[in-house]
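Have a look at the structure below before the remarks.
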Amino acid sequence: NKISKKIVLGTVGLLLTTTVLDTQAVNEPQVQLEAPELTKEEMVVYQKSCLDKIQRQSWMTDNEYAQLLTRIQNTGCAIQFKEGDTGLAGGTVFYVTDGGTHGMETSPTILSNLEWGCEHVFAATSSSIGSGLTNTAYVVRENCKSARGGETIWSAISKFQVNGFSDWYIPSRKELTEVYKYVNLKTELHSDNIYEYPSYMWSSTASKKAPAEISHAINLWNGNKTETTRDFRLSIIPVRNF
């Protein structure tokens, strides 16, 4: 079932709006223990050792702690997540693999007032789960511009960081559909600008239909899906792999 999320409006900047999503985990993630032959007493010691390893030290920067959490996921002390959990970066886990030790999570914030832009880019048409990162990398390399002079989603995602994590990308159409199963706006967002629809989230998937200068988006409030021209200003909810 779709989980309702409380939304708190953040600071409005000159070029984009940052909206903070106040998320609440459905299930607390568990530390995965991969030592089944240990005695009960040894298991307690092993679990404490894992918890010590993921403890943030006072000298760590946000970036250093993010790197630590990323490394831990490839060890026997990996945190085991389920869809709906709060992820390593503070967003919401919406897709898991490898028993929950890896998967995808959203950012705890969305960015608004952004054009898809890049009207000459037609190759980023992959819509499958796992293709958002490739789509994003491809279009970012094009270093293209907006149609109406605003900021593009590609410029915004290239410099986006939160809680020490900077490995964000724009989800593909099917990844964004998965996001909506676990994250949604509590209220619809509005704008007085006729070209701005902040409740709609851009995907990184360009449409294969004519005209070519359109891309896929989804309304994170009601789930409506659309294809629209790239000069409209919508929002993005960044995602990352863990």
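For the sequence shown, this note's numbering begins at 2 and goes up steadily by one.
We treat Cβ as the ideally placed atom computed from N, Cα and C, and that holds for glycine.
Fair warning: this is a prediction, and the values are worked out from it, not measured in the lab.
Cross-strand partners of residue i (DSSP beta bridge)
{"i": "W203", "result": "A218"}
{"i": "G226", "result": "According to the sequence shown, residue 226 is Lys rather than Gly. Looking at the DSSP assignment, K226 forms a beta bridge with I219."}
{"i": "I237", "result": "L112"}
{"i": "V97", "result": "G104"}
{"i": "T87", "result": "T93"}
{"i": "E143", "result": "Per DSSP, none; premise fails for E143."}
{"i": "K153", "result": "The residue you asked about is not Lys; residue 153 is Thr in the sequence shown. According to DSSP, T153 bridges with E116."}
Pairwise C-alpha distance: residue j and residue i
{"i": "V180", "j": "F95", "result": "6 Å"}
{"i": "S127", "j": "Y198", "result": "24 Å"}
{"i": "M61", "j": "A67", "result": "9 Å"}
{"i": "G224", "j": "G104", "result": "22 Å"}
{"i": "N144", "j": "G151", "result": "14 Å"}
{"i": "Y196", "j": "Q56", "result": "46 Å"}
{"i": "T229", "j": "G77", "result": "45 Å"}
{"i": "E65", "j": "A90", "result": "13 Å"}
{"i": "L134", "j": "Y170", "result": "6 Å"}
{"i": "A218", "j": "S167", "result": "23 Å"}
{"i": "Y184", "j": "T93", "result": "The question names Tyr, but residue 184 in the sequence shown is Val. So the two alpha carbons sit approximately 7 Å from each other."}
{"i": "S236", "j": "W203", "result": "6 Å"}
{"i": "N220", "j": "A124", "result": "24 Å"}
{"i": "L177", "j": "L186", "result": "14 Å"}
{"i": "P239", "j": "K49", "result": "33 Å"}
{"i": "L190", "j": "L69", "result": "36 Å"}
{"i": "T227", "j": "T188", "result": "19 Å"}
{"i": "S108", "j": "N194", "result": "25 Å"}
{"i": "T1", "j": "R241", "result": "Absent from the model: residue 1. The displayed extent of the chain is 2 to 243, so no value can be given."}
{"i": "S208", "j": "G88", "result": "30 Å"}
{"i": "D86", "j": "D63", "result": "21 Å"}
{"i": "R142", "j": "V122", "result": "11 Å"}
{"i": "Q245", "j": "G165", "result": "For residue 245 there is no data in the structure shown, the boundaries of the chain being 2 and 243."}
{"i": "K252", "j": "S216", "result": "Residue 252 is absent from the structure shown; the chain starts at 2 and stops at 243."}
{"i": "T137", "j": "W222", "result": "24 Å"}
Nearest to residue i (by Cα), restricted to the options the options
{"i": "K146", "options": "E84, S156, A79", "result": "S156"}
{"i": "S192", "options": "T229, Y201, N185", "result": "Y201"}
{"i": "S51", "options": "N185, N75, S129, L186", "result": "It should be pointed out that residue 51 corresponds to Cys in this sequence rather than to Ser. Of the listed residues, the one whose Cα sits closest to C51 is N75."}
{"i": "K175", "options": "L134, N194, S129", "result": "S129"}
{"i": "E120", "options": "T206, E189, N220", "result": "T206"}
{"i": "S173", "options": "D63, L69, V140", "result": "V140"}
{"i": "A148", "options": "R231, K226, D63, K54", "result": "R231"}
{"i": "I73", "options": "K54, A138, Q58, V122", "result": "K54"}
For residue j and residue i, believed in contact at Cβ under 8 Å, the rounded distance
{"i": "E106", "j": "F243", "result": "6 Å"}
{"i": "T1", "j": "G118", "result": "Examination of residue 1 is not possible in this model, given that the chain is present from 2 through 243 alone."}
Exercise for the section: For the region 110–126 and the region 145–161, state whether three or more C-beta atom pairs, one from each stretch, are separated by less than 8 Å. Expected result: Yes, they touch.
Exercise for the section: Report yes or no: do the region 96–105 and the region 69–84 share at least 3 C-beta pairs separated by less than 8 Å? Expected result: Segments in contact, yes.
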